[in-house]
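Chemist: Each residue of the sequence shown is one higher than the one before, starting from 0 at the first, in the working numbering. Structure in structure tokens, see below.
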Amino acid sequence: MSAHTHYTGLINRYRDRLPVSDNTRIISLNEGNTPLIKLNNIPRMIGKDVEIYVKFEGLNPTGSFKDRGMTMAITKAVEAGSQAVICASTGNTSASAAAYAVRAGIKAFVLIPEGKIALGKLAQTLMYDATIIQISGNFDKGMALVKEVADHAPVTIVNSINPFRLEGQKTAAFEIIDDLGDAPDYHCLPVGNAGNISAYWKGYKEYSTDSETHKAVTKKRPIMCGYQAAGAAPFLAGKPIEHPETIATAIRIGNPQSWDYAWAAQKESGGWFDKFTDDEILAAQKLLAQYEGIFCEPASAISIAGALHNIGTGEIPEGSRIVCTLTGNGLKDPDTAIKQCAAAHPVTIDAELNAVKKAILDNM
Ligand code: AN7
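As structure tokens, this is what we get:
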């Protein structure tokens, strides 16, 4: 095989559309290039003529879409001479920042809400050896503190208020269009801090706009559908929520930083926000695992819950092509998965042929 086929990450793939120069040292773990998987069984089961694809971002190097933004943010932090980065996080940003900081040889500080981080995310962040600062407060409080402390200590913020994060994350929209040959009709995704919906919309707009350097790849843009957990739905309330609560801890956020960008994405695309309960989120997570063999974390499953709801009501009509972003891997949150499947606990038998045979025949 030719060396030219070696994939080296999204900055190299899309460098003519990203703020890097030939001299920029790229900090990468070969993120991006994630699979766009067409669902087979769920559309058949619901009896609707729809094409649903999932963009499985849980297959990025640290298991979430955050790696797309982090390769850019850390690359630019290093280029500017930064020795340390900081973020507030519901878990995935901290894991990603920690990994890319190691790759760059700089320090990472992460502020996380005590007791509200999924186990896999905590394990990763510990292994990557970031300095973990747990706070007795939620993500929004951590975000406010990070913004304050950056004025008092030599650290670069790598939350999505750092514009380079959205630059990296917009490449997911490029990949979808490059894979499908055109934009989908609808794009469904979870909304927490609202960086990702803003980044996708930026990417879709850039690929559909002629500029001095690039001719538009397509004229088409999708309708953007942003979904929130019922207990953490500031876009449905029209204002920040003081005490956000949801089992989908990744999106347990009440004061989204990309508020204006996300509203612009909704308005410009003709899309909408909606909210779903924890039970609906978990049901969608299980459905995807049990009907398609795809295991995403709870926050990600809200894109399936929302798409299926909007298909059911006809807001997304038959004949549509839909992309749902699965933002994080199911392995991030083993506790919630095991609790949800408690009723189907494994059977324990004697280590003996007849007992194994009986266990098979009883469960056919
Ligand atoms: C799996 O890690 O905010 O609307 O600190 O981890 O761009 O915030 C995570 C967010 C969706 C929401 N799905 O995306 C963090 C953090 C997963 C996530 C979101 C997050 P944004």
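Even glycine gets a Cβ: it sits at the ideal position worked out from N, Cα and C. Predicted, not measured: the structure shown is a model, and the values here were computed from it.
Roughly how many whole angstroms lie between the Cα atoms of V157 and D150?
Modeler: One C-alpha to the other measures close to 14 Å.
Chemist: May I ask you to report which of helix, strand or coil DSSP gives L188?
Modeler: Looking at L188 - three-state DSSP - the assignment turns out to be strand.
Chemist: Judging by CA-CA distance, which residue of A354, I160, S319 and A336 is the nearest neighbour of H186?
Modeler: Checking every option, the nearest Cα to that of H186 belongs to S319.
Chemist: Apart from the five residues on each side of it in sequence, which residues of its chain come closer than 8 Å, Cβ to Cβ, to V145?
Modeler: Result list for V145: I85, C86, A87, L110, I156 and N158, in chain order.
Chemist: Cα-Cα, which of E174, G292 and A228 is closest to N390?
Modeler: This structure gives no information on residue 390, because the portion of the chain shown stretches from 0 to 363.
Chemist: Taking D181 as the reference, give the member of F64, I321 and K219 with the closest Cα.
Modeler: Comparing Cα positions, the closest option is K219.
Chemist: Indicate the three-state DSSP secondary structure (helix, strand or coil) for F138 in the structure shown.
Modeler: Correct three-state label for F138: helix.
Chemist: When you compare the CB positions of G90 and K120, do they come within less than 8 Å of one another, or not?
Modeler: A contact, by the Cβ cut-off of 8 Å.
Chemist: Classify V346: buried if its beta carbon has 16 or more other beta carbons within 10 angstroms, exposed otherwise.
Modeler: Label assigned to V346: exposed.
Chemist: Measuring CB to CB, does P34 end up less than 8 Å from L9?
Modeler: No, these two residues do not count as a Cβ contact at 8 Å.
Chemist: What does the Cβ neighbour count give for C340, buried or exposed, with the cut at 16 atoms within 10 Å?
Modeler: The residue in question, C340, is exposed, as its Cβ has fewer than 16 Cβ neighbours within 10 Å.
Chemist: Is it the case that the Cβ atoms of S268 and P189 are separated by a distance below 8 Å?
Modeler: No.
Chemist: Where are the alpha helix (DSSP H) runs, 4 residues long or more, that stay fully inside the stretch 141-220, in chain order?
Modeler: Whole alpha helix (DSSP H) segments, 4+ residues: 162-168, 170-179 and 194-206.
Chemist: So, at 6 Å on beta carbons, what are the nonlocal neighbours of Y127 in its own chain, with the 5 sequence-adjacent residues on each side left out?
Modeler: Cβ neighbours of Y127 beyond the five flanking positions: A97, A98 and V101.
Chemist: Can the beta-carbon of A231 be found closer than 8 Å to that of I252?
Modeler: Taking 8 Å as the Cβ cut-off, A231 and I252 qualify as a contacting pair.
Chemist: Report yes if the C-beta distance between P297 and I280 is below 8 Å; otherwise report no.
Modeler: Contact flag set, yes.
Chemist: Tell me the rounded alpha-carbon separation between I36 and V148.
Modeler: Approximately 42 Å, taken between the alpha carbons.
Chemist: Looking only at C-alpha atoms, which of A215, D178, V216 and I222 sits nearest to S197?
Modeler: Ranking A215, D178, V216 and I222 by Cα distance to S197 puts I222 first.
Chemist: Taking all protein chains shown into account, do 16 or more other C-beta atoms lie within 10 angstroms of the C-beta of P333, making it buried, or fewer, making it exposed?
Modeler: With fewer than 16 Cβ atoms within 10 Å of its Cβ, P333 is classed as exposed.
Chemist: Does the distance between the C-beta of A193 and the nearest non-hydrogen atom of ligand 1 fall short of 7 Å?
Modeler: Yes, ligand 1 has a heavy atom inside 7 Å of this Cβ.
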